[in-house]
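Residue numbers (this note's numbering): 786 to 988.
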């Protein structure tokens, strides 16, 4: 099984600050990027965002797929696992609780947006995953969109568990390799041998 995770905002521009540092939001007034935004667990949530239909994650093999049409094997359980874990990790960063190998913890993030699930990005990722090649898709096929990949070689492996493993691996790059207090994704950091960080920066 190959998992591709696409993000609406690129997290690999070099020499760019990864996020605006500062105290995590605690009230709606702290979130000024979008109008009528609320604060939820240290993340800024657009007011019009509607939560997806949540299903019980206690049954990882639940095959329901109501959130996106043309699911191609994806289930709401897998979608919610990716979404919830990514938002949990983003909340850790926003609150200054994400351990950085290069020094203490990643700086707190001000106005860190809460992610929502995009079915259009799923369709793009599934199209590439069907090629069954463990490699990134060409940039021209997803202009302005970043991409994380993960592969499991066990037949019929639980997809919800794979989503958890992928999310843990991607975010784990911060604790394993680090970014540093400067919080800048430089070419030097991006090109470090055997110390990848580009998956973390897109979470």
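By construction, the Cβ of each residue, glycine as well, lies at the ideal position given by its N, Cα and C atoms.
Could you tell me the distance, in whole angstroms, from the CA atom of residue i to the CA atom of residue j?
{"i": "residue 922", "j": "residue 956", "result": "21 Å"}
{"i": "residue 894", "j": "residue 935", "result": "27 Å"}
{"i": "residue 874", "j": "residue 928", "result": "25 Å"}
{"i": "residue 830", "j": "residue 902", "result": "13 Å"}
{"i": "residue 857", "j": "residue 864", "result": "12 Å"}
{"i": "residue 811", "j": "residue 825", "result": "8 Å"}
{"i": "residue 982", "j": "residue 974", "result": "8 Å"}
{"i": "residue 978", "j": "residue 959", "result": "15 Å"}
{"i": "residue 840", "j": "residue 919", "result": "With a pLDDT of 36 at residue 840, under the threshold of 50, the modelled position of this residue cannot be trusted, and the question is left open."}
{"i": "residue 814", "j": "residue 823", "result": "8 Å"}
{"i": "residue 817", "j": "residue 868", "result": "23 Å"}
{"i": "residue 889", "j": "residue 952", "result": "21 Å"}
{"i": "residue 850", "j": "residue 911", "result": "15 Å"}
{"i": "residue 848", "j": "residue 950", "result": "19 Å"}
{"i": "residue 891", "j": "residue 987", "result": "15 Å"}
{"i": "residue 924", "j": "residue 807", "result": "32 Å"}
Answer with buried or exposed for residue i, where buried requires no fewer than 16 other C-beta atoms within 10 angstroms of its C-beta.
{"i": "residue 985", "result": "buried"}
{"i": "residue 939", "result": "exposed"}
{"i": "residue 980", "result": "exposed"}
{"i": "residue 917", "result": "exposed"}
{"i": "residue 926", "result": "exposed"}
{"i": "residue 805", "result": "exposed"}
{"i": "residue 963", "result": "buried"}
{"i": "residue 970", "result": "buried"}
{"i": "residue 862", "result": "buried"}
{"i": "residue 821", "result": "exposed"}
{"i": "residue 976", "result": "exposed"}
What whole-angstrom Cβ distance do residue i and residue j have, given they're in contact under 8 Å?
{"i": "residue 954", "j": "residue 930", "result": "The Cβ separation is near 20 Å, so there is no contact."}
{"i": "residue 908", "j": "residue 855", "result": "7 Å"}
{"i": "residue 827", "j": "residue 870", "result": "Not really, about 15 Å apart at Cβ, beyond 8 Å."}
{"i": "residue 961", "j": "residue 886", "result": "6 Å"}
{"i": "residue 883", "j": "residue 809", "result": "That belief does not hold up - the Cβ atoms of residue 883 and residue 809 are roughly 11 Å apart, past 8 Å."}
{"i": "residue 866", "j": "residue 948", "result": "4 Å"}
{"i": "residue 872", "j": "residue 899", "result": "6 Å"}
Under the DSSP definition of a beta bridge, which residues are partnered with residue i?
{"i": "residue 830", "result": "823"}
{"i": "residue 890", "result": "884"}
{"i": "residue 976", "result": "Per DSSP, none; premise fails for residue 976."}
{"i": "residue 806", "result": "894"}
Helix or strand or just coil, what does DSSP make of residue i?
{"i": "residue 969", "result": "strand"}
{"i": "residue 962", "result": "coil"}
{"i": "residue 903", "result": "coil"}
{"i": "residue 921", "result": "coil"}
{"i": "residue 867", "result": "helix"}
{"i": "residue 981", "result": "coil"}
{"i": "residue 878", "result": "helix"}
{"i": "residue 916", "result": "coil"}
{"i": "residue 837", "result": "Because residue 837 sits at a pLDDT of 41, beneath the cut-off of 50, its placement in the model cannot be relied upon, and the following sentence gives the value as read from the coordinates. In this structure, residue 837 counts as coil in the three-state DSSP scheme."}
{"i": "residue 858", "result": "coil"}
{"i": "residue 848", "result": "coil"}
{"i": "residue 938", "result": "coil"}
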